[in-house]
Amino acid sequence: MRAVLRLISIPAFDDNYFWLATDAAGNALAIDPGADEPVTAALAQHGLTLRAILVTHHHHDHIGGVASLRLRFQVPVFAPPDSRIPDATHPVADGDLLEFIEPGCAIRVIGTPGHTSSHVSYHTTGAVFCGDTLFSVGCGRLFEGTPEQMLASLDTLAALPDDTQVYCAHEYTLANCAFAASVDPDNPALAQRIAEVRARRARLESTVPSSIGLERATNPFLRVDAPGIVAWGLREHGIAPHARVDRFAALRRGKDVFRIPVSW
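Residue 12 in numbering that gives the first Met the number 0 sits at position 13 of the sequence shown, with consecutive numbering throughout.
Here's what the structure looks like:
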């Protein structure tokens, strides 16, 4: 039987999530620890021993705590080969399999460039840690990659099993829902999602993790081939139905300049 890790969220900064993946023996992996103190506090609170650090990309809110955690706990740091992640000890690439903690908890590295040129995600039983590539009802900005790269990365993540939990790195869901509603207004699954997200945020609850199945049903960046999004691209931008990269690029540009309506 394959082991399943328990996940602990660590809210930080204005809207970040760091993650601890733990096993029954009290071992833990830290994913994208942008600060030392909240991770150290969570480890102590739950009685966990840090065994390794996984990094998806080089942005400071994802690596700010890596150096001090590595030195304090004497653990390896797995990250894409990028000079902007100076404390990495073990470079990883697409297709690598990492064996940690409980037997059966192998982690597969997935190359997901787009947000940055070297971004990776980590997939294990029932979970994917996707950094800033895939968000709940959204995706990351294209700071370094191309629309072709980002769409290919999202296609790869969308092909994971529907019940895969999506552990992204930011609480952006409500704002993302506003944009999604502007381009996919006739999507009943999205309407239901918006109601649920509003209720959760009103209770100051997290909307993460999501799931691949839920994202496929409601996230416009995973729905570039859905009839409603195809119609939007043709109507608003004259994009032919077969031109899915152009449609994705138009969606991303639209999100970059989108302003949430006052009535939202």
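Even for Gly, the Cβ is constructed at its ideal location relative to N, Cα and C.
Item, Value
"With DSSP collapsed to three states, give me the class of tryptophan 263.", "coil"
"Since cysteine 129 and threonine 155 should fall inside the 8 Å C-beta cutoff, what is the C-beta to C-beta distance between them, to a whole number of angstroms?", "No, cysteine 129 and threonine 155 are not in contact; Cβ-Cβ is about 10 Å, not under 8 Å."
"If the criterion is Cβ atoms closer than 8 Å, does the pair serine 67 and glycine 113 meet it?", "no"
"With the cut-off set at 8 Å, would you say glycine 33 and aspartate 60 are in Cβ contact?", "yes"
"Run the CB neighbour count on isoleucine 106, radius 10 Å, all protein chains shown included, and call it buried at 16 or more, exposed below.", "buried"
"By the three-class DSSP mapping on this structure, what secondary structure does glutamine 73 have?", "coil"
"Using a Cβ-Cβ cutoff of less than 6 Å, which residues in the same chain neighbour alanine 23 once the five nearest sequence positions on both sides are dropped?", "none"
"What number of angstroms, rounded off, separates the C-alpha of threonine 35 from the C-alpha of glycine 227?", "Note that residue 35 is aspartate in the sequence shown here, rather than threonine. Going by the C-alpha atoms only, they are around 44 Å apart."
"Short check: CB of isoleucine 109 to CB of aspartate 131, under 8 Å?", "no"
"Select from Asp14, Val136, Thr55 the residue whose C-alpha is nearest the C-alpha of glutamine 191.", "Val136"
"Using only the alpha-carbon positions, how far apart do leucine 173 and proline 37 sit?", "25 Å"
"Label leucine 70 either buried or exposed according to how many other C-beta atoms from any shown protein chain fall within 10 Å of its C-beta, with 16 as the threshold for buried.", "exposed"
"Take alanine 242 and list the residues in its own chain whose beta-carbon comes closer than 7 Å to its own, dropping the five residues that flank it on each side.", "none"
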